[in-house]
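So the sequence shown is numbered by the UniProt record's numbering: it starts at 1 and just counts up by one.
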Amino acid sequence: MPGEDVLSVVTPLAAPKMMDLPQFQGEHRESLYWGTYRPQVYLGIRARTPRSLIAGLMWIGIKDGQYVMRHVCQHSDDLSKYGWTDHNGRDYGRQVLVDHGQVLTTSFLKSKSDGSGYGGDWAVRLEVQKEELDSANFKTANLFFYLANEEGASISIAEELVSRDNTVLASGSHQDVGAWELHLTSTDNLDIHYAGLKTPHMHNLTELLLGTLGVNARKTGQLQLPDASENSPNIVIFQISGNLPVKMDVAFVSATGLKNSRVIERVNSLTGVSLTRQLNEKQKGFEEKYNNIFLKNKVDSESRIVGRAALGNLLGGLSYSYGQSKIALPKGSNLKNGDKFVQYWPAALFTAVPSRPFFPRGFLWDEGFHQLLIWRWDISISLDIIGHWLDLLNMDGWIPREQILGAEALSKVPEDFVLQYPTNGNPPTLFLVLRDLLSAMKKNKFSTSDTADISTFLNRAFIRLEAWFQWFNRTQSGKVASTFYWHGRDSMTIRELNSKTLTSGLDDYPRASHPSDDERHLDLRCWMHLAADCMHSIGEHLGLEDVLWKRYYSMAQKLSFETLNQMHLDDVSGVYFDFGNHTEKVRLRWRETRGSNTMNRELVREVLEQPQLTLVPHIGYVNLFPFMILIIPPDSWILEKQLEIISNRSLLWTDYGLRSLSKTSSLYMKRNTEHDAPYWRGPIWINMNYLILSALHHYSQVDGPYQAKAMTIYEELRKNLIRNIERNYFETGFLWEQYDQKNKGRGKGAHPFTGWTSLVLLIMAEAY
C-alpha cells in the first residue's frame with residue numbers, strides 16, 4: 001500500500017461531523033453523559049467522555065465448590081440468568097442476575113437536581129438474596145464496588161467508612177463533573193474493607209482485585225481487602241459484606257465543592273425510601289411507554305415479559321468506547337517498526353452491542369438491525385448512534401466493520417479478529433433504518449420537532465451517505481455492469497470447504513466454490529438497490545438539487561427487477577442465485593503430514609472437478625434477498641416461487657422459523673474446517689426471519705394474485721418464531737444468537753444475545 005493510500009485510509013472524510021450538529025449538544029449531550037455504558041461487565045457505569053470516571057461491581061460466587069470472582073460477562077461463569085429486565089436507555093435500569101444459589105438485583109437511577117454538576121448524579125441499589133430459602137451455600141454476600149479515574153487523578157478514601165454520622169466512601173475530582181463524592185447507605189449491618197490502587201490500565205481490574213486479595217490472604221489468612229492504599233490511588237475498591245438478604249444504596253454526587261451543592265439532600269434523595277419511590281415511578285413509566293409504543297393489546301403476558309427483556313437488554317447494552325481501530329496493511333507490507341497495521345484516528349463510538357459476554361462492541365451490519373427497534377423507542381438516541389457511526393467514515397468512504405476501541409474492548413477480542421481490512425465492506429443496514437424514518441415521516445408519526453431533527457440530520461448525513469455508497473459502487477463492483485460481489489474471500493485456501501465471506505455478515509454461507517472477480521453476489525446487489533433507492537428518497541425529501549439525487553433513482557432502476565433477472569434468475573425454477581466459478585465436487589479429507597517426531601492429521605480441501613461459471617445452486621437466505629428488499633412486483637410469477645421456497649419443509653420451513661440453508665444444499669450443516677462448525681448453514685437467525693416476515697407482511701397488504709398466500713405464510717411464520725423464542729427464554733433465561741433447526745428450535749451460540757434477536761419485539765408488535 002503506497003504511502004498516499006495509507007494516508008487516505010486513516011484520514012477522516014472532509015465533511016462536517018454529524019456529532020457537531022446542534023441537536024446533539026447542550027441538554028441532549030448532558031442527559032446522556034452517564035450510563036451503564038460498559039456492557040462487557042455485569043454492572044459497569046461510565047460517562048460518554050474519553051477519560052471517564054468508571055464504576056462497577058464484582059462479587060464472590062461459588063461454582064463447583066470453588067470460590068470465584070464475578071465481574072466480566074462470560075459464558076464460563078454459567079449464570080443461570082442475567083440481563084436488564086427494564087432499561088430506558090437514559091436514566092433507569094433494573095437487572096436480575098442468578099448465580100448458583102444467590103440472586104443479585106442491580107437498579108440504576110440517574111438524577112439532575114439543584115446543585116448537581118455536569119451530567120447530574122446517579123445511584124445504584126444492590127440487593128442480594130438466596131435463590132432458595134433453605135440453601136446452605138450462601139449465608140453472606142461478598143460484594144466489591146469500585147470507582148476508578150481514567151484521567152489518573154487521585155481518589156481520597158474516607159477516614160471513617162460508613163457510620164451513622166458518615167456515609168462517604170470516597171471523594172475526588174474530575175474535569176467534567178468537578179468535585180465528587182461516593183456514598184453508601186444501608187439499614188443492614190455491613191462489614192466494609194477497602195484498597196486503593198494506582199494503575200494506568202482499566203481492562204484488568206479483576207486481576208488487580210484478585211492479586212490484592214491474594215497478597216492479604218497470605219498475610220492474614222482472611223479473604224478480605226487490606227484496608228490500605230497506595231499513594232495517590234486512581235482506583236478504589238470497597239469490599240462490602242453482609243448476611244443475606246442484604247440491600248444497600250450507592251450514590252454518586254457531582255459538584256460537591258460548590259457553596260450551594262446540597263450534598264446531604266441529594267444523597268438522601270438518591271437513597272432509601274426516596275430511591276425506592278423513584279425506581280418504582282421509573283419502572284411504571286418504562287412499562288407504560290413500552291406497552292404504548294409496541295404491544296398495546298396485541299399479545300399475551302408471556303410475550304410481554306420476553307419483549308420487555310429484549311428491549312431492556314438492548315438498551316442496557318448501549319456502549320461508549322474511545323480509541324483507535326487497527327487497519328491492516330496489504331499482505332507482505334509492514335511499517336519500519338515491523339507493524340503490519342496502521343492506526344485509525346482516535347474516535348468515540350456510542351452504539352448498541354450484539355451480546356454482552358461475546359460481542360460487547362460495535363458491529364456495523366448488526367447496528368442497522370438494532371436501530372430498527374431503538375428509533376421507535378427513542379429517536380434522539382437512535383440518531384446519536386447512527387451519527388457516531390457515520391463520523392467513522394474515512395476519506396475513501398469506508399467504515400471499519402468491527403469497532404474495537406480501547407483496552408477494555410481489545411481484551412475481549414481474539415488477536416486474529418482485531419485488524420480491519422480497508423478493502424472489505426459490510427452490509428449497509430443503516431439504510432434499513434433511514435428507509436423506516438422516511439416512511440414514518442410521510443405518515444406523520446413524529447412530532448414536529450422530531451421531524452425537524454431527522455431532516456436536519458439527513459441533510460448533514462447526505463454527503464457521508466454518498467461517500468459510503470460510492471465506496472461500495474467503486475470497490476465492490478463486478479466485471480459486468482451493475483453487478484457486485486463481496487471482496488475479501490480467500491481464493492487460495494486449502495483448509496476451508498467453501499471460502500468464507502465474512503464481509504457479507506453471513507460468514508460461512510456457501511458461495512461459489514472458487515472465489516474470483518467473475519462472482520455476482522445477489523445479497524450485495526440487493527443492498528445496493530436499497531441504498532440507491534434510499535438515497536433517492538432522502539434527496540427528494542430534502543428538496544436537494546435534482547443532480548444530487550436523480551442519479552440514485554437511475555441507479556435503483558438499473559438494479560431493479562428486469563436487470564436482476566438477467567443476472568441472477570434461473571428461468572426454469574424461478575429462483576435467484578449467486579453467480580460464479582463453481583463446482584459441487586469439493587470435499588474435506590484427512591491428510592497425514594510428518595512432523596519432526598510425529599505423524600499429524602489435518603483436514604484439507606479437495607476439488608474433484610474443474611469449476612465453471614454458473615449460477616451457484618445453494619438455496620437459503622441469500623436467494624430471498626430480492627423478496628426481502630421488495631424488488632419483486634406483487635403480480636410476478638417469481639413471487640409465487642419465492643413463497644414456495646419459504647413454505648417448503650424440504651427447503652427452509654421449520655416449526656421454529658426459517659433455516660438459513662436448505663436441507664437439499666450439498667453444504668447443509670457441513671463443517672467448513674476442522675474447527676469451524678456450521679454457522680449460517682442451517683441454524684435459524686432472527687434478523688433474516690424479521691426481514692422475510694416484513695416482506696410477507698408487505699405482500700399480504702398489496703393487491704396481487706399471491707396476497708392471500710403471503711398472509712397465510714406470514715401468520716404461521718410469525719406464530720412459530722414467537723412461540724419458539726418465548727419457550728427458550730422461559731426454559732433458559734436467555735435470548736440466543738441462533739436457534740437449532742435440528743434440535744427442536746433450541747437456542748445455541750452466544751447468550752444473552754439481545755442484539756438483533758431483540759427484533760422479536762417488533763415481530764410481536766407487527767412493526768415492519
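For each residue, glycine too, the CB sits at the ideal point set by N, CA and C.
Just curious, the beta strand (DSSP E) that L197 is in, first and last residue?
The count along the sequence shown starts at 1 and reaches residue 197 at position 197. Residues 191-197.
Excluding the five sequence neighbours on either side, which residues of its own chain have a C-beta within less than 6 Å of the C-beta of E737, listed in chain order?
The residue you call residue 737 lines up with position 737 of the sequence shown. Around E737: G749, A750, F753.
Using a Cβ-Cβ cutoff of less than 7 Å, which residues in the same chain neighbour N724 once the five nearest sequence positions on both sides are dropped?
By 1-based counting over the sequence shown, the position of residue 724 is 724. The answer, listed in chain order, is Y656, G657, Y739, G745.
Just tell me which of S380, I327, L432 has its CA closest to the CA of residue 833.
With the chain covering 1 to 768 only, the question about residue 833 has no answer from this structure.
Check whether V177 and S254 have beta carbons under 8 Å apart
Reading the sequence shown from its first residue, position 177 is the one you call residue 177. Reading the sequence shown from its first residue, position 254 is the one you call residue 254. The answer is yes: Cβ separation under 8 Å.
What are the start and end residues of each continuous alpha helix (DSSP H) run of 4 or more residues lying completely inside the segment 447-494, in chain order?
448-475
Please determine, among L258, E609, I454, the residue with the shortest C-alpha to C-alpha distance to M18.
For the purposes of this step, residue 18 is identified with residue 18 of the sequence shown, where counting begins at 1. Selected option, being the one with the closest Cα: I454.
Determine the closest residue to T451 out of L410, F577, L383, G115, with distance taken between C-alpha atoms.
In the sequence shown, counting from the first residue as 1, residue 451 sits at position 451. The residue with the shortest Cα to Cα distance from T451 is L383.
Compare the C-alpha of R659 against each of N268, A348, R591, Q741 and name the closest.
As a working note, residue 659 is residue 659 in the sequence shown. Ranking the options by Cα distance to R659, first place goes to Q741.
Residue nearest to K585 in terms of C-alpha spacing, selected from C526, A512, G574
Taking the sequence shown and counting its residues from 1, the one referred to as residue 585 is at position 585. Considering only alpha carbons, the answer is A512.
Consult DSSP for Q283 and reduce its assignment to one of helix, strand or coil.
Here the question's residue 283 lines up with position 283 in the sequence shown. Reduced to three states, the DSSP call for Q283 is helix.
So L588 and R605 are in contact, right, with Cβ under 8 Å, and what is the actual spacing, rounded?
Your numbering for residue 588 matches position 588 in the sequence shown. Your numbering for residue 605 matches position 605 in the sequence shown. The Cβ separation is near 6 Å, so the contact holds.
For I686, decide whether its Cβ has a neighbour in chain D, counting only Cβ atoms nearer than 8 Å.
Going by chain labels, chain D is absent from the structure shown, which holds only one protein chain.
Taking one C-beta from the segment 32-39 and one from the segment 297-309 each time, how about it: are there three or more such pairs within less than 8 Å?
no
So, helix, strand or coil for T187, using DSSP?
The sequence position of residue 187 within the sequence shown is 187, counting from 1. T187: coil per DSSP, three-state reduction.
Pair within 8 Å by beta-carbon distance, T105 and E127:
Here the question's residue 105 lines up with position 105 in the sequence shown. Here the question's residue 127 lines up with position 127 in the sequence shown. It is a contact, given that the beta carbons lie within the stated cut-off.
Report the three-state DSSP secondary structure of A251 (helix, strand or coil).
By 1-based counting over the sequence shown, the position of residue 251 is 251. Correct three-state label for A251: strand.
Close beta carbons around S116, own chain, < 8 Å, minus the five adjacent residues each side
By 1-based counting over the sequence shown, the position of residue 116 is 116. So the qualifying residues of the chain are V253, S254, A255, R266.
What residue range does the beta strand (DSSP E) around V215 cover?
The residue labelled residue 215 in the question sits at position 215 within the sequence shown. Element bounds for V215: not the beta strand (DSSP E) but the alpha helix (DSSP H), 205-220.
Span separating the alpha-carbon of D20 from that of I646:
As a working note, residue 20 is residue 20 in the sequence shown. As a working note, residue 646 is residue 646 in the sequence shown. Taking the straight line joining both Cα atoms gives about 45 Å.
Close-in-space but distant-in-sequence residues of the same chain around Q642 (CB under 7 Å, 5 per side omitted):
In the sequence shown, the residue the question calls residue 642 occupies position 642. The residues are L624, F627, I632.
Coil, strand or helix - R262 by DSSP
Taking the first residue of the sequence shown as 1, we reach residue 262 at position 262. The answer is coil: DSSP assigns R262 none of H, G, I, E or B.
Where does H100 sit, in a helix, a strand or coil, going by DSSP?
Taking the first residue of the sequence shown as 1, we reach residue 100 at position 100. Of the three classes helix, strand and coil, the one that applies to H100 here is coil, per DSSP.
Can the beta-carbon of Q74 be found less than 8 Å from the beta-carbon of P357?
If you number the sequence shown from 1, residue 74 lands on position 74. If you number the sequence shown from 1, residue 357 lands on position 357. Yes, Cβ-Cβ distance for Q74 and P357 is below 8 Å.
Using the Cβ count rule (16 or more neighbours within 10 Å means buried), how would you classify T598?
Here the question's residue 598 lines up with position 598 in the sequence shown. Classification of T598: exposed, given that the 10 Å Cβ count is below 16.
Nearest residue (CA-CA) to I538, options F462, K479, G323
Here the question's residue 538 lines up with position 538 in the sequence shown. Closest option to I538, Cα to Cα, is F462.
With DSSP as the reference, please indicate the residues paired to P12 in a beta bridge.
Residue 12 sits at position 12 when you count from the first residue of the sequence shown. Bridge partners of P12: N394.
Mind checking which residues open and close the alpha helix (DSSP H) that includes H582?
The residue given as residue 582 occupies position 582 in the sequence shown. Unbroken run through H582 is the beta strand (DSSP E), 579-582; no alpha helix (DSSP H).
Measure the beta-carbon distance from E674 to E562 and round it to whole angstroms, keeping in mind my assumption that it falls under 8 Å.
In the sequence shown, the residue the question calls residue 674 occupies position 674. In the sequence shown, the residue the question calls residue 562 occupies position 562. Not confirmed; about 45 Å, so no contact.
Taking Cβ to Cβ, would you say L279 is nearer than 8 Å to H174?
Counting from 1 along the sequence shown, the entry for residue 279 is found at position 279. Counting from 1 along the sequence shown, the entry for residue 174 is found at position 174. Taking 8 Å as the Cβ cut-off, L279 and H174 do not qualify as a contacting pair.
Which residues in the same chain as W345 place their Cβ atom closer than 8 Å to its Cβ, once the five residues preceding and following it in sequence are excluded?
On the sequence shown, position 345 is the one that residue 345 refers to. Closer than 8 Å at the Cβ level, and outside the excluded window around W345, lie V10, T11, P12, Q324.
Based on the DSSP secondary-structure assignment, which residues constitute the bridge partners of Q66?
The count along the sequence shown starts at 1 and reaches residue 66 at position 66. Bridge partners of Q66: K63.
Can you tell me which residues form a DSSP beta bridge with S537?
Within the sequence shown, the letter at position 537 stands for residue 537. According to DSSP, S537 bridges with nothing at all.
What does the alpha-carbon distance come out to for the pair L143 and K247?
Taking the sequence shown and counting its residues from 1, one reaches residue 143 at position 143. Taking the sequence shown and counting its residues from 1, one reaches residue 247 at position 247. Cα to Cα, L143 sits roughly 11 Å from K247.
Just tell me which of R591, V273, P705, G595 has its CA closest to the CA of I638.
In the sequence shown, the residue the question calls residue 638 occupies position 638. Measuring from the Cα of I638, the nearest candidate turns out to be P705.
Residues of its chain near E592, where Cβ-Cβ distance is below 6 Å and the 5 sequence neighbours each way are ignored:
Here residue 592 refers to the residue found at position 592 of the sequence shown. So the list reads M599, R601, once near-sequence residues are dropped.
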